[in-house]
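Here's the structure, in structure tokens; my notes come after.
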Amino acid sequence: MSNLLPKAQAFALRGAPPFHLPLRVGLAVLSLFFLLACIPAALAHEFKVGDLEIEHPWSRATPPGAKVGGGYFTVINKGSAPDRLLSISSDISEKAELHEMGVKDGVMTMRPVEGGLEIPAGGKVALKPGAYHLMFTGLKRQPKQGEKFSATLTFEKAGSVTVEFAVEGIGETGSGDMGDMDHAE
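Letter by letter, the sequence shown follows residues 54 to 238 in the numbering used here.
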């Protein structure tokens with residue numbers, strides 16, 4: 054046993070024998086490959102209900118005192134029949150509505166969508182800044198960049214699904230200057 058102690062000390066001071074270097078490099082490369090393969094899955098977040106897929110629900114952080122916030126995502130209908138987004142609810146706000154933006158006589162307008170939003174069979178609808186989007190009104194707290202909050206989307210045929218909105222920076226993925234906006238009811 055006393056012969057092993059000097060050998061163990063020499064091994065600890067020198068490190069692993071050189072023939073283990075390729076094995077170590079291979080394991081490091083393999084670990085890096087698996088780590089990089091996981092990044093897209095960690096960044097993307099999708100939800101499914103029936104024939105519908107909801108891709109990347111996101112919202113913007115809001116400044117202190119803001120009473121409204123927006124919500125955005127894409128709905129893909131992989132079914133053979135159309136469906137309709139009927140309602141939205143969330144604990145982050147007193148009310149959540151589907152809105153549509155447009156330009157009328159050179160003035161940007163925003164109005165609630167009556168009767169829900171049709172998702173065509175085999176098609177998709179993008180809710181994004183400057184177009185269809187969700188409005189969270191009467192915010193109970195300010196969404197902060199990097200956090201998530203949940204909301205429930207209810208569809209006519211597919212039913213309800215709870216999704217997580219990733220909160221991005223105040224100006225992220227925006228369409229720029231909104232100009233004069235008439236928020237008509």
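All C-beta atoms, glycine included, are put in the ideal place defined by N, C-alpha and C.
Note that the structure is predicted; figures quoted are calculated from it, not measured.
On the three-state DSSP scale, how would you describe residue i?
{"i": "Ala90", "result": "Low confidence applies to Ala90: its pLDDT is 46, below 50, so where it sits in the model is not reliable, and the reading given next is rough at best. Note: Ala90 maps to helix in three-state DSSP."}
{"i": "Asp136", "result": "strand"}
{"i": "Lys210", "result": "coil"}
{"i": "Lys101", "result": "strand"}
{"i": "Gly122", "result": "strand"}
{"i": "Glu106", "result": "strand"}
{"i": "Thr115", "result": "coil"}
{"i": "Ile145", "result": "coil"}
{"i": "Gly183", "result": "coil"}
{"i": "Gly155", "result": "strand"}
{"i": "Leu83", "result": "Caution applies to Leu83, whose pLDDT of 47 falls short of 50 and renders its modelled position unreliable; the model cannot decide the point."}
{"i": "Ala219", "result": "strand"}
{"i": "Lys131", "result": "coil"}
Kindly list the residues whose CB is nearer than 6 Å to the CB of residue i, restricted to its own chain and excluding five residues on each side of it in sequence; keep chain order.
{"i": "Ala119", "result": "none"}
{"i": "Tyr125", "result": "Trp111, Leu180, Lys181, His186"}
{"i": "Arg137", "result": "Gly169, Glu171, Glu209"}
{"i": "Val166", "result": "Leu151, Glu153"}
{"i": "Ser203", "result": "Thr215, Glu217"}
{"i": "Thr207", "result": "Leu139, Ser140, Ser213"}
{"i": "Val178", "result": "Val128, Ile172"}
{"i": "Gly103", "result": "Ala211"}
Here's a check: name, in chain order, each residue in its chain whose Cβ is nearer than 7 Å to the Cβ of residue i, leaving out the five neighbours to either side.
{"i": "Pro173", "result": "Asn130, Pro135"}
{"i": "Lys201", "result": "Glu217, Phe218, Ala219, Val220"}
{"i": "Pro117", "result": "Gln195"}
{"i": "Gly191", "result": "Lys120, Ser146, Glu147, Lys148"}
{"i": "Glu225", "result": "Arg113"}
{"i": "Ser142", "result": "Ala149, Ala204, Thr205"}
What are the boundary residues of the beta strand (DSSP E) that includes residue i?
{"i": "Glu225", "result": "That residue, Glu225, is in no beta strand (DSSP E); it is neither H nor E in DSSP."}
{"i": "Arg194", "result": "Where Arg194 is concerned, there is no enclosing beta strand (DSSP E), given that its DSSP letter is neither H nor E."}
{"i": "Glu200", "result": "First-last for Glu200: undefined, no H or E at that position."}
{"i": "Val166", "result": "Here Val166 belongs to no beta strand (DSSP E), and DSSP marks it neither H nor E."}
Between the Cα of residue i and the Cα atoms of the options, which residue gives the shortest distance?
{"i": "Val160", "options": "Gln195, Gly183, Glu221, Gly168", "result": "Gly183"}
{"i": "Ser140", "options": "Thr190, Glu200, Ala114, Gly168", "result": "Gly168"}
{"i": "His109", "options": "Lys101, Pro196, Arg164", "result": "Lys101"}
{"i": "Ala219", "options": "Gly199, Gly212, Ala211, Leu206", "result": "Gly199"}
{"i": "Lys197", "options": "Gly122, Glu99, Leu206", "result": "Gly122"}
{"i": "Ser133", "options": "Pro116, Thr162, Ala114, Gly176", "result": "Gly176"}
{"i": "Ile107", "options": "Ser143, His98, Lys193, Gly212", "result": "His98"}
Ordered along the chain, which non-local residues of its own chain (more than five positions away) have a Cβ less than 8 Å from that of residue i?
{"i": "Ala114", "result": "Gln195, Pro196, Lys197, Gln198, Val220, Glu221, Gly222, Ile223"}
{"i": "Lys193", "result": "Asp144, Ile145, Ser146, Glu147"}
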